Every structure is written in C-alpha cells, then in structure tokens.
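In the working numbering, the protein residues as written are 17 to 103.
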C-alpha cells in the first residue's frame, strides 16, 4: 500500500517568450485540475479521524445525490437547470 502523504504530483509549466503571467495562469489551472489546492486546504490543519470520516461520508452523499439528479434530468423527469443569460 502506498503512503498517501508521499505522492508524486509534479506539475510543470513552460514559460514562453518570458510571459510569466501566462505561465502562472496555466500553472494555477493545472493545479486546480490535479486537486492540489483542495489537498493543501485539507492538510492545512489536523483533521481528527472522526471528522475526516464524517466529511468523506457527506461528500459521498452529495456525489450520489448529484448523480441521481443528473440521471433524472437526462431521462426528462426533472427540468434542466436554467443558465442565466449574460448581458
């Protein structure tokens, strides 16, 4: 079993034409996709095992409800969410 604290998540971005702003935007986007920001937030403080278990259970319930809602929308039993129009 691998240690969850030792993950090899290396994110690399190339800086083209000395455009650091563009490279930073790309880096932030990659880190967001990899879930690094979320992991940093979770590891910012100690989380008791009971709190972790409760959080993970709540996340699982949320995912299950979202899956059911999407399935019902695909089947036409629930209306699709209304997207606000841009001005």
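A virtual CB, placed ideally from N, CA and C, is assigned to each residue, including glycine. Keep in mind the model is a prediction, meaning the values are calculated, not measured.
Each residue's CA atom was taken as its position, placing residue 44 and residue 34 some 17 Å apart.
Counting along the chain, residue 71 sits inside the alpha helix (DSSP H) bounded by residues 65 to 91. DSSP places residue 38 in the helix class (H, G or I) of the three-state scheme. Between the alpha carbons of residue 85 and residue 98 lies a distance of about 14 Å. Its chain contains 29, 30, 31 and 32 as the residues whose beta carbon lies nearer than 8 Å to that of residue 39, once the 5 sequence neighbours on both sides are disregarded; these appear in chain order. In the structure shown, residue 43 adopts helical secondary structure according to DSSP, grouped into three states. Looking at the backbone, the Cα of residue 60 and that of residue 67 are separated by about 14 Å.
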